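Please read the structure below before turning to the comments.
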Amino acid sequence: MTSATARTAGRRRSPTAPPRSFRWARRIFLTALTGFVLLPVYVMLSSSLKPLEDVSGSFHWLPGTLTIRPYLDIWHTVPLARYFGNSLIVAGSATVCSVVIAVFAAYAVSRYRFRGKRVFTVTVLSTQMFPGILFLLPLFLIYVNIGNSTGVALYGSRGGLVLTYLTFSLPFSIWMLTGYFASVPRELDEAAYVDGCGALGALLRVVVPAALPGIVAVAVYAFMTAWGEVLFASVMTNDTTRTLSVGLQGYATQNDVYWNQVMAASLVVSVPVVAGFLLLQRYLVAGLTTGAVK
Amino acid sequence: MRIPAGLRRAGLPYLLLLPALALELLVHLVPMVIGIVMSFKDLTRLHIGDWGTAPWEGLGNYRVTVDFDAPVGATLLHSFLVTCAFSVLSVGLCWLLGTAAALFLQEDFRGRGLLRAVFLTPYALPVYAAVITWAFMFQRDNGLVNHVLHDQLHLTDGRPFWLLGDHSFAALLVVCVWKTWPFAFLVVMAGLQSIPKELYEAAALDGAGMLRQIRRITLPSLRPLNQVLVLVLFLWSFNEFNTPYVLFGKAAPEAADLLSIHIYQSSFVTWNFGTGSAMSVLLLLFLLVVTAGYLLATSRGRKHADD
Numbered sequence: 254m255t256s257a258t259a260r261t262a263g264r265r266r267s268p269t270a271p272p273r274s275f276r277w278a279r280r281i282f283l284t285a286l287t288g289f290v291l292l293p294v295y296v297m298l299s300s301s302l303k304p305l306e307d308v309s310g311s312f313h314w315l316p317g318t319l320t321i322r323p324y325l326d327i328w329h330t331v332p333l334a335r336y337f338g339n340s341l342i343v344a345g346s347a348t349v350c351s352v353v354i355a356v357f358a359a360y361a362v363s364r365y366r367f368r369g370k371r372v373f374t375v376t377v378l379s380t381q382m383f384p385g386i387l388f389l390l391p392l393f394l395i396y397v398n399i400g401n402s403t404g405v406a407l408y409g410s411r412g413g414l415v416l417t418y419l420t421f422s423l424p425f426s427i428w429m430l431t432g433y434f435a436s437v438p439r440e441l442d443e444a445a446y447v448d449g450c451g452a453l454g455a456l457l458r459v460v461v462p463a464a465l466p467g468i469v470a471v472a473v474y475a476f477m478t479a480w481g482e483v484l485f486a487s488v489m490t491n492d493t494t495r496t497l498s499v500g501l502q503g504y505a506t507q508n509d510v511y512w513n514q515v516m517a518a519s520l521v522v523s524v525p526v527v528a529g530f531l532l533l534q535r536y537l538v539a540g541l542t543t544g545a546v547k
Numbered sequence: 227m228r229i230p231a232g233l234r235r236a237g238l239p240y241l242l243l244l245p246a247l248a249l250e251l252l253v254h255l256v257p258m259v260i261g262i263v264m265s266f267k268d269l270t271r272l273h274i275g276d277w278g279t280a281p282w283e284g285l286g287n288y289r290v291t292v293d294f295d296a297p298v299g300a301t302l303l304h305s306f307l308v309t310c311a312f313s314v315l316s317v318g319l320c321w322l323l324g325t326a327a328a329l330f331l332q333e334d335f336r337g338r339g340l341l342r343a344v345f346l347t348p349y350a351l352p353v354y355a356a357v358i359t360w361a362f363m364f365q366r367d368n369g370l371v372n373h374v375l376h377d378q379l380h381l382t383d384g385r386p387f388w389l390l391g392d393h394s395f396a397a398l399l400v401v402c403v404w405k406t407w408p409f410a411f412l413v414v415m416a417g418l419q420s421i422p423k424e425l426y427e428a429a430a431l432d433g434a435g436m437l438r439q440i441r442r443i444t445l446p447s448l449r450p451l452n453q454v455l456v457l458v459l460f461l462w463s464f465n466e467f468n469t470p471y472v473l474f475g476k477a478a479p480e481a482a483d484l485l486s487i488h489i490y491q492s493s494f495v496t497w498n499f500g501t502g503s504a505m506s507v508l509l510l511l512f513l514l515v516v517t518a519g520y521l522l523a524t525s526r527g528r529k530h531a532d533d
């Protein structure tokens, strides 16, 4: 490219367009990062299509023979379908409850002045710093005691796990939604009041729709938190309520590790979540209120 | 600011907060108090069925825990130092990768949407599925890492163990950074959206270059966000349990013996819940002090910068 055409090209670009060196740095950095990020995904995919001999010997980048056998075997080695159902129920319920509760709490924090607001936000956020290990055993004992005295089975049940998981995502959800709600102009609320809505009406009809990207983001976060948790799932579930996070270790704790099956099962339990996540991720960073009031 | 009369109903905010508050009390605060009480008790397998009747131990559990000359205290101190090093490195790398990636993707170009989706994949993958895959990659005889380092690049003399011994720290760090940096990326990316484009245009017209714009506009605008992001990343990595648990199994190698795993071991493997609770309480106290100090320091810094 001659300097003259470069200059015209430069003039056509916006004044904030980056210099060429920046674009090269960007290319190199992003390529390296993509490799790092996708490496395990490639290993998962390629190894899940290999026969057991291939994954037991030295690693090879390309499968010698392709087989779908692991995908058929995974359902028999451990009761994967049941774990899958349990995880769906637990993570789904925890997400719905967590989002609804966080929306209410965040609305209160972002729209009202009230006594104890600071104490509330600090307390809730500070639960993030609690080591899970500190309240694992006490919580376990509380659930057992509630079960003994009221007959509500929390220990070993999906309900107990839902209850636990939704509080894990609550603090961050409340904090994030408070920020999103604060960025929704109050004029919108006031317009809703003029139209005869109450506070809840304004929240549901105006604030929630305007903050939808934020709410989707929070829901995704809550789902991932519940879907991936290992510590409480390993202590609080029994054979019938076991979730994927514990169940998947069934392949790995055998005397022979069926690595091809482990990879196939990992892929199978990941695909729905990753697909759903990638479909929704555009909401995550979508511009929020710009345009809502213009 | 004018607030309509209907908004002033004093009870409503509390009502809205009630579910969140009740649940946090049930699952976090009450168990935490019980955990603190337990740390003063001699709670072993004998008493766990009816922990209320376990004999009081006073500060005995703490005395054992912080006696750094005895084995229990010495291993705890080691685990604490490992966790500190791990957290600092993990937070730094996650923040750096996340911020750099978000800045590089700030301007629109072909394939940007795709890259964004790709970068978020580790975050979307269930922890155990991803970590099991890493565990496979780190296998000594049939893993990818040794295949590349030893068979293809000939960098190592023999095939090193990655999930045992000293290398396990690096393995754990790589996996945790891989898994966590997309979160920083996501948060910074969202933060970048809220910076008005006019600021950059004005700066560009004034002749400010790319780096100068990042230093003078982007980073200061992200400051409040970063304050919380770094704190959250730190607390997460300091309490990290899932990754080492899946990567190493129940017994983590000494070099990667994070506190949560260490306490889990002390509690559930040796069935000594009293000392386990005492360790948890000390961990909590440490995190409280660090958090308070951090918030104090960064908030003061921000006020100063605003002057």
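Quick mapping for you: the protein sequence lines, in order, are chains A and B.
Residues 254 to 547 (our numbering) are what the first sequence spells out, left to right.
Residues 227 to 533 (our numbering) are what the second sequence spells out, left to right.
Note that beta-carbon positions come from the ideal geometry of N, C-alpha and C, so glycine has one too.
None of these values were measured; they are calculated from a predicted model.
- Residues of the stretch 500-515 of chain B that bring their beta carbon within less than 8 angstroms of a beta carbon in chain A comprise Gly502, Ser503, Ser506, Val507, Leu509, Leu510, Leu513 and Leu514, in sequence order.
- According to the DSSP assignment, glutamine 453 (chain B) belongs to the alpha helix (DSSP H) that extends over 445-464.
- Rounded to whole angstroms, glycine 409 (chain A) and serine 351 (chain A) show a C-alpha spacing of 21 angstroms.
- Annotated three-state conformation of asparagine 368 (chain B) is coil, per DSSP.
- Taking 9 angstroms as the CB threshold, tryptophan 277 (chain A) stays off the interface with chain B.
- In the three-state scheme derived from DSSP, where H, G and I count as helix and E and B as strand, threonine 496 (chain B) is classed as coil.
- Under the 8 angstroms Cβ criterion, the stretch 306-316 of chain A counts as touching the stretch 511-523 of chain A, having at least three qualifying pairs.
- In the pairwise beta carbon analysis, the stretch 494-509 of chain B is classified as not touching the stretch 430-449 of chain B: fewer than three pairs are separated by under 8 angstroms.
- The shortest C-alpha to C-alpha distance from glycine 475 (chain B) to any of B:Ala434, B:Asp295 and B:Phe362 is the one to B:Phe362.
- Beyond the five residues adjoining it in sequence on each side, methionine 415 (chain B) comes within less than 6 angstroms, by CB distance, of Ala328 in the same chain, given in chain order.
- One Cα belongs to glutamine 491 (chain B), the other to alanine 334 (chain A), and the distance between them is close to 31 angstroms.
- Using a C-beta cut-off of 8 angstroms, the stretch 410-418 of chain A makes contact with the stretch 328-344 of chain A, since at least three inter-stretch Cβ pairs fall below that distance.
- Following the DSSP letters along the chain, one finds alanine 430 (chain B) inside the alpha helix (DSSP H) bounded by residues 423-431.
- The beta carbons of leucine 387 (chain A) and serine 503 (chain B) sit closer together than 9 angstroms.
- DSSP lists B:Trp282 as the beta-bridge partner residues of lysine 267 (chain B).
- In the DSSP annotation of this structure, the continuous segment of the alpha helix (DSSP H) that includes isoleucine 386 (chain A) starts and ends at 385-403.
- Counting C-beta atoms within 10 angstroms of its own C-beta, phenylalanine 335 (chain B) has fewer than 16 neighbours from the protein chains shown and is therefore classed as exposed.
- For histidine 304 (chain B), the closest Cβ of chain A is not nearer than 9 angstroms.
- The shortest C-alpha to C-alpha distance from tyrosine 418 (chain A) to any of B:Gly237, B:Glu250 and B:Leu241 is the one to B:Glu250.
- At a cut-off of 9 angstroms between beta carbons, glycine 435 (chain B) contacts chain A.
- Neighbours of proline 293 (chain A) in chain B, taken as residues whose beta carbon is under 7 angstroms from its own, are Ala356, Thr359, Trp360 and Met363 in chain order.
- A check of alpha carbon separations from phenylalanine 434 (chain A) across A:Ala464, A:Trp328, A:Leu292 and A:Tyr446 identifies A:Ala464 as the nearest.
- In the displayed model, threonine 496 (chain A) falls within coil according to three-state DSSP, outside both helix and strand.
- If you check each beta-carbon in the stretch 321-334 of chain A against every beta-carbon of chain B, none falls closer than 8 angstroms.
- With a 10 Å radius around the Cβ and a threshold of 16 neighbouring Cβ atoms, histidine 488 (chain B) comes out buried.
- By the rule that beta-carbons nearer than 9 angstroms mark a contact, leucine 375 (chain B) does not touch chain A.
- The C-beta of glycine 481 (chain A) comes closer than 9 angstroms to at least one C-beta of chain B.
- Residues of the same chain with a CB within less than 7 angstroms of the CB of threonine 309 (chain B), apart from the 5 flanking positions on each side, are Phe464, Leu484 and Leu485 in chain order.
- In this structure, the beta-carbon distance from isoleucine 427 (chain A) to alanine 246 (chain B) falls below 9 angstroms.
- Near chain B, meaning a CB-to-CB distance below 7 angstroms, the residues of the stretch 447-471 of chain A are Gly451 and Ala452.
- Beta-carbon to beta-carbon, serine 316 (chain B) and leucine 399 (chain B) are separated by about 6 angstroms, close enough to satisfy the 8 angstroms threshold.
- For isoleucine 489 (chain B), the C-beta contacts it makes with chain A under 9 angstroms involve Pro384, Ile386 and Leu387, in order along the chain.
- When DSSP states are grouped into helix, strand and coil, threonine 318 (chain A) belongs to the coil group.
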